[in-house]
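Engineer:
Residue numbers (our numbering): 10 to 135.
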């Protein structure tokens, strides 16, 4: 499975947080899964860290490499897709993740209840 982690899922994974659904953790840990993290998540984490609203690793790039997670850059096509999405979700970082998943044929690992409003593949653990 080609999986894009939502920022919350990434942080829960890195923090071994019990809020991370067990089934989701299994899919992320599965060697058959290709897991990527968007530059949008790194940007969101950096902004929230700088404002004092979040504690996260300072060396995110190294942490991603240690977990064998790929990095997904933001392209002009991603930006255009995010801007064209219906206004179901106001968070620009989440809108970018949705756009990237749509254009890159990725499944999003998220617990955000607004994501299903979009035509995007979500990790279904039901």
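For each residue, glycine too, the CB sits at the ideal point set by N, CA and C. Just so you know, these numbers come straight off a predicted model, no measurement behind them.
Is the beta carbon of residue 115 closer than 8 Å to that of residue 107?
Structural biologist: Position 98 of the chain shown holds residue 107. Position 106 of the chain shown holds residue 115. No.
Engineer: For residue 17, which residues of its own chain have a beta-carbon under 6 Å away from its beta-carbon, when the five flanking residues on both sides are left out?
Structural biologist: Position 8 of the chain shown, counted from the start, is the residue given in the question as residue 17. Contacts found: none.
Engineer: Within its chain, find whatever has a CB closer than 8 Å to the CB of residue 125; leave out the 5 residues flanking it on each side and keep chain order.
Structural biologist: As a first step, residue 125 must be located in the chain shown, where it is residue number 116. Counting only Cβ-Cβ distances below 8 Å, and skipping sequence neighbours, we find 131.
Engineer: For the stretch 93 to 125, which segments carrying the beta strand (DSSP E) assignment without a break, of at least 3 residues, lie completely within its bounds, in sequence order?
Structural biologist: Runs of the beta strand (DSSP E) inside the stretch 93 to 125: 116 to 118.
Engineer: Check for me: the alpha helix (DSSP H) holding residue 32 runs from which residue to which?
Structural biologist: Position 23 of the chain shown, counted from the first residue, corresponds to residue 32. First-last of the alpha helix (DSSP H) with residue 32: 31 to 38.
Engineer: Please confirm if the stretch 47 to 57 is in contact with the stretch 25 to 33, defined as three or more CB-CB distances below 8 Å between the two stretches.
Structural biologist: The answer is no - the stretch 25 to 33 does not touch the stretch 47 to 57, with fewer than three Cβ pairs under 8 Å.
Engineer: So that I know if they touch, is there some Cβ in chain B lying closer than 8 Å to that of residue 41?
Structural biologist: Absent here is chain B; the protein component of the structure consists of one chain.
Engineer: Could you please give the first and the last residue of the uninterrupted alpha helix (DSSP H) stretch that includes residue 81?
Structural biologist: The sequence position of residue 81 within the chain shown is 72, counting from 1. Element bounds for residue 81: not the alpha helix (DSSP H) but the beta strand (DSSP E), 79 to 81.
Engineer: Mind reading off the beta-carbon distance from residue 103 to residue 121? Whole number of angstroms is fine, and I expect it under 8 Å.
Structural biologist: As a working note, residue 103 is residue 94 in the chain shown. As a working note, residue 121 is residue 112 in the chain shown. Indeed, because the Cβ distance is near 6 Å, the residues count as touching under 8 Å.
Engineer: How big is the Cα-Cα spacing for residue 13 and residue 66?
Structural biologist: Within the chain shown, numbered from 1, the residue matching residue 13 stands at position 4. Within the chain shown, numbered from 1, the residue matching residue 66 stands at position 57. So the two alpha carbons sit approximately 19 Å from each other.
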